[in-house]
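Since the structure comes first, as structure tokens, the remarks are kept for the end.
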Amino acid sequence: MLGLRRDKKDEEDGFSLNPFNNLEKTSVLQEARTFNETPINPRKCCHILTKVLYLINQGEHIATTEATETFFAMTKLFQSQDVTLRRMVYLTIKEMADIAEDVIIVTSSLTKDMTGKEDMYRAAAIRALCRITDSTMLQSIERYMKQAIVDRNPSVSSAALTSSLHLMRSSGDVVKRWVNEATEAASSDNIMVQYHAVGVLYHIKKTDRLGVSKLVSKFTKQSLRSPYAYCLLIRIATKLLEEESEGRDSPLFDFIETCLRHKSELVIYEAAHAIVNMPNTSARELAPAISVLQLFCSSPKPTLRFAAVRTLNKVAMKHPAAVAACNLDLENLITDVNRSIATLAITTLLKTGSESSVDRLMKQISTFMSEISDEFKIVVVQAIRSLCLKFPRKHGVLMSFLASMLRDENSSNSSQGGFDYKRAIVDSLIGIIEENPEAKEAGLAHLCEFIEDCEHTVLATRILHLLGREGPRTPSPSKYIRFIYNRVILENAAVRAAAVSALAKFGAHCEELMPSVVVLLSRSLLDTDDEVRDRATFYLNVLKQSNKALNSAYILNGLNVSVVGLERALHSYTQEPSETQFDMKSVPLATQPLAEQKAGARIFGAEGLHGAEVTPAAKAPDKVAATRQDIYAEQLAAIPEFQGLGPLFKSSAAVQLTESETEYVVRCIKHTFTNHIVFQFDCTNTLNDQILENVTVQMEPTEGFEVLSYVPAASLPYGQPGITYTCVTLPEDDPTSVIGTFSNTLKFLVKDCDPNTGEPDEEGYEDEYVLEDVEVTIADHIQKVLKPNFAASWDEVGEDYQMEDTYALSTVKTLEDAVKNIVDHMGMQPCERSDKVPADKSAHTLFLAGVYRGGHDVLVRARLAVDDGVTMQITVRSTDETAAEVISASVG
Numbered sequence: 001m002l003g004l005r006r007d008k009k010d011e012e013d014g015f016s017l018n019p020f021n022n023l024e025k026t027s028v029l030q031e032a033r034t035f036n037e038t039p040i041n042p043r044k045c046c047h048i049l050t051k052v053l054y055l056i057n058q059g060e061h062i063a064t065t066e067a068t069e070t071f072f073a074m075t076k077l078f079q080s081q082d083v084t085l086r087r088m089v090y091l092t093i094k095e096m097a098d099i100a101e102d103v104i105i106v107t108s109s110l111t112k113d114m115t116g117k118e119d120m121y122r123a124a125a126i127r128a129l130c131r132i133t134d135s136t137m138l139q140s141i142e143r144y145m146k147q148a149i150v151d152r153n154p155s156v157s158s159a160a161l162t163s164s165l166h167l168m169r170s171s172g173d174v175v176k177r178w179v180n181e182a183t184e185a186a187s188s189d190n191i192m193v194q195y196h197a198v199g200v201l202y203h204i205k206k207t208d209r210l211g212v213s214k215l216v217s218k219f220t221k222q223s224l225r226s227p228y229a230y231c232l233l234i235r236i237a238t239k240l241l242e243e244e245s246e247g248r249d250s251p252l253f254d255f256i257e258t259c260l261r262h263k264s265e266l267v268i269y270e271a272a273h274a275i276v277n278m279p280n281t282s283a284r285e286l287a288p289a290i291s292v293l294q295l296f297c298s299s300p301k302p303t304l305r306f307a308a309v310r311t312l313n314k315v316a317m318k319h320p321a322a323v324a325a326c327n328l329d330l331e332n333l334i335t336d337v338n339r340s341i342a343t344l345a346i347t348t349l350l351k352t353g354s355e356s357s358v359d360r361l362m363k364q365i366s367t368f369m370s371e372i373s374d375e376f377k378i379v380v381v382q383a384i385r386s387l388c389l390k391f392p393r394k395h396g397v398l399m400s401f402l403a404s405m406l407r408d409e410n411s412s413n414s415s416q417g418g419f420d421y422k423r424a425i426v427d428s429l430i431g432i433i434e435e436n437p438e439a440k441e442a443g444l445a446h447l448c449e450f451i452e453d454c455e456h457t458v459l460a461t462r463i464l465h466l467l468g469r470e471g472p473r474t475p476s477p478s479k480y481i482r483f484i485y486n487r488v489i490l491e492n493a494a495v496r497a498a499a500v501s502a503l504a505k506f507g508a509h510c511e512e513l514m515p516s517v518v519v520l521l522s523r524s525l526l527d528t529d530d531e532v533r534d535r536a537t538f539y540l541n542v543l544k545q546s547n548k549a550l551n552s553a554y555i556l557n558g559l560n561v562s563v564v565g566l567e568r569a570l571h572s573y574t575q576e577p578s579e580t581q582f583d584m585k586s587v588p589l590a591t592q593p594l595a596e597q598k599a600g601a602r603i604f605g606a607e608g609l610h611g612a613e614v615t616p617a618a619k620a621p622d623k624v625a626a627t628r629q630d631i632y633a634e635q636l637a638a639i640p641e642f643q644g645l646g647p648l649f650k651s652s653a654a655v656q657l658t659e660s661e662t663e664y665v666v667r668c669i670k671h672t673f674t675n676h677i678v679f680q681f682d683c684t685n686t687l688n689d690q691i692l693e694n695v696t697v698q699m700e701p702t703e704g705f706e707v708l709s710y711v712p713a714a715s716l717p718y719g720q721p722g723i724t725y726t727c728v729t730l731p732e733d734d735p736t737s738v739i740g741t742f743s744n745t746l747k748f749l750v751k752d753c754d755p756n757t758g759e760p761d762e763e764g765y766e767d768e769y770v771l772e773d774v775e776v777t778i779a780d781h782i783q784k785v786l787k788p789n790f791a792a793s794w795d796e797v798g799e800d801y802q803m804e805d806t807y808a809l810s811t812v813k814t815l816e817d818a819v820k821n822i823v824d825h826m827g828m829q830p831c832e833r834s835d836k837v838p839a840d841k842s843a844h845t846l847f848l849a850g851v852y853r854g855g856h857d858v859l860v861r862a863r864l865a866v867d868d869g870v871t872m873q874i875t876v877r878s879t880d881e882t883a884a885e886v887i888s889a890s891v892g
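If you use full-length UniProt numbering, the sequence shown corresponds to residues 1 to 892, in order.
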């Protein structure tokens, strides 16, 4: 024992307990020549094989030639009868099967061992043999495999069954012939043999749904000895339940419920886990599974306690009321010696606890937070955030607890309180501030204290950005100035630059603070970093103009342009000298995440002063990537017919114009320009005996629109997507008539072809296919932009072009539905989280911002009230009269 002692001096000398750390491939392969020596030294050969296996599993590259030489030398070891050496040989054969050549040379030796009388060899030989056997050679050993499956020795039978599972991937047709043997093995008294046999039978029949149903029905009626087999049956039954329509009335669900009363804890947990994870499960159906998990919470076995509380934790996300019955048992687990169990218990309680229990829970959490890892601390932090959103009135207690965690970790040693943990706390505090207006001041105060000693630049800059956005709109904005200016004095360049920007926002928003802010910013004009100096200079010059419009455009809200698009536009401008000034309206906007909308020309049944009724506009969940429009702009610019249309303003999400199972699949994307709309039709021919040529989509537009040109797809072979375009001119006589419906017909020349060769006939015939209509909505003319300070933007745009009207929204009953429908219809960006309607409110104001086609800012303020329906007073402001009229008219 003294020889195994490892003291500090050994660590300093680089001593390692792993004797294979410094192995060299060349020397190991040289040692493999020992295999050819006579007599064989089993102990030495085992050591060399261990080295070879270590190198392979460490990812060491062994060339095919080297592996083959070593493999052939290893085959000499079959002469030894040493059991340990023989089993090492089997392992090495399995590992080298894909590296060495001609490994099938050992087939006869393995077959001999497989059918021999030595049970110690047989199971391992079967595994090695099936590893090197391909589909052409499998039939030669099929008889032996069948015998092995029903062998009396459980290890041999289990090895044959598990090997059959691996062979299913390459030789499924052969393995399917072993169904009788697998069925016989399923009645074995050995639990592992029975489990593996049921698995083989399932994989043989898994493509036959009726066969799988019969298999499950058969084994649910007969009593299986193996708890593992029961677990597998539960999983198969759960999968079948998801596919069939009977739901909870199915015998399969009854079988899973009966497993809750099984004598094996493994089966009971598997059944409970299956039930609680089924979709659309009611509280009544969950009750038996929850009761079982509740009993497991008091089990003396840590594994059962952990499994139960972990499952309850997941269930609490969807069904907190169902888990609330377990709260007493969960509270007992808070003091569990296993900190993983304690953490899961407390996070589950945070999701299911009542408002009155919050204070007690916080005291219990504080006793063990220092004892758990950062990973579990993050879980607790996220649970506290959810609890704060659930009980807004408890924000004071919860935010104070989060802040104390942040301060404690911030002042601790560098080995504690990692970046991810601190970021989780900061994210939670910011989320609570944004969701709960009453928590804003307390949250900002906690964050201000944190940045005094924050060593992470990313967190400091994020908090400063939040202070600049929210601080000026608090009742006492001046109290934040000290914290921000301290960063200008004490921090690195990146944090100083963020602090300068935050100070400028205070000066732009609060007139009484502007003189003080100007003095503070002027001290940064001599900063050592050019970014800080440039920002200070720019903001000073803007603030000294005392112009609210400039403050809003350049400090409070800033530019909403695509950086990639701006770079491309500036490069193009410098390449082609022009006397005209560079126009920022030619730069694509920075697009907000966009949801695909099903086109609809009017909004949710609003009855305006003219009594016009309107219909709902639905929304699909697909999101559009930020760089998507840049890609479309390049594609369209390369087409000669579209080069005179100007910059691309907006590209919509794709709209399906056919069913996915039809012979021709077509979807449409609308590209909006200043005075035109280009309809892109992505077409796919799903008929393998036809080739389509000269493919176009003929459109019949609403009055006022005019089709300008078609760009056909030259050829549309089977399975290869093609694109055709239709360019439409927007109405000139009545610029407000920008909403319309287009009927579409796919026209093409059909040429029959050989499905095998794809060779088309010389002659073809004209044909057409009617598509779904395409609607152009108001959202197609508006790009989303975010205005962090809506009030400043509202004043900046001014009242020059303002439209106001009042509507009764007849088809919506709640403020939440009204807000959702307005946002969907307008296609504009909600600002200042005004799309989140507070609970139990009878009135709400929605702020929307966007840019209308042509680069005109548009702002909407919708005041909503509930009184026997929802009434909406909508005010539209824009920098362009036509844009204001279009937005206002689209609602009526």
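Heads up, the beta-carbon is just placed ideally off N, CA and C, and yes, glycines get one too. Since the model is a prediction, treat every value here as computed from it, not as a measurement.
Extent of the continuous alpha helix (DSSP H) run through residue i
| i | result |
| --- | --- |
| H509 | A493 to H509 |
| H166 | P154 to V175 |
| F306 | P302 to K318 |
| H203 | I191 to K205 |
| D329 | N327 to N332 |
| R833 | Neither: R833 is in no alpha helix (DSSP H) and is coded neither H nor E. |
Closest by C-alpha distance to residue i, when choosing among the options
| i | options | result |
| --- | --- | --- |
| L716 | G740, V738 and F681 | F681 |
| F255 | P477, E455 and A274 | A274 |
| E663 | V866, E763 and Y718 | Y718 |
| residue 894 | Y485, A128 and M96 | The shown model of the chain, from 1 to 892, leaves out residue 894, and the question about it has no answer. |
| L402 | G418, V89, F419 and V381 | V381 |
| F649 | T580, A884, C831 and G565 | G565 |
| P104 | S140, S80 and M88 | It is Ile, not Pro, that sits at residue 104 in the sequence shown. It is S140 whose Cα lies nearest to the Cα of I104. |
| T303 | E331, D840 and N338 | N338 |
| K787 | Y54, T38, K836 and V858 | V858 |
Host beta strand (DSSP E) of residue i (start-end)
| i | result |
| --- | --- |
| S213 | First-last for S213: R209 to K221, but that is the alpha helix (DSSP H), not the beta strand (DSSP E). |
| V876 | V870 to S878 |
| Q690 | Q690 to E700 |
Proximity of residue i and residue j at Cβ, strictly below 8 Å
| i | j | result |
| --- | --- | --- |
| T845 | R833 | no |
| V276 | A287 | no |
| T343 | V379 | yes |
| A307 | F296 | yes |
| E184 | V212 | no |
| E95 | I56 | yes |
| V488 | A499 | yes |
| V728 | I677 | yes |
| I341 | I365 | no |
| V518 | F506 | no |
| R496 | F450 | no |
| S651 | R628 | yes |
| S157 | S109 | no |
| L114 | A67 | Checking the displayed sequence, the identity of residue 114 turns out to be Met instead of Leu. It is not a contact, given that the beta carbons lie outside the stated cut-off. |
I want to know whether the stretch 358-366 touches the stretch 311-326 - three or more CB-CB distances under 8 Å. no
Would you call the stretch 770-779 in contact with the stretch 739-759, where contact means no fewer than 3 C-beta pairs closer than 8 Å? yes
Quick one: any contact between the stretch 547-555 and the stretch 792-810, if contact means 3 or more CB pairs under 8 Å? yes
Would you call the stretch 816-825 and the stretch 753-768 touching, i.e. three or more CB-CB distances under 8 Å? no
Are the stretch 323-331 and the stretch 387-394 in contact at 8 Å, needing three or more beta carbon pairs? no
Is it true that the stretch 510-526 meets the stretch 560-568, where meeting means three or more beta-carbon pairs spaced less than 8 Å apart? no
With a threshold of 8 Å, are at least 3 pairs of Cβ atoms found where one atom belongs to the stretch 860-876 and the other to the stretch 687-702? no
Which parts of the stretch 48-91 are runs of the alpha helix (DSSP H), unbroken and 4 residues or longer, counting only runs that do not cross its ends? 64-74
What are the uninterrupted segments assigned as alpha helix (DSSP H) that are 4 or more residues long and contained completely in the stretch 364-397, given in chain order? 374-390
3 or more residues per run - each beta strand (DSSP E) lying fully within the stretch 657-745: 664-672, 676-685, 690-700, 706-711, 713-716 and 722-729
Please confirm if the stretch 171-185 is in contact with the stretch 196-211, defined as three or more CB-CB distances below 8 Å between the two stretches. yes
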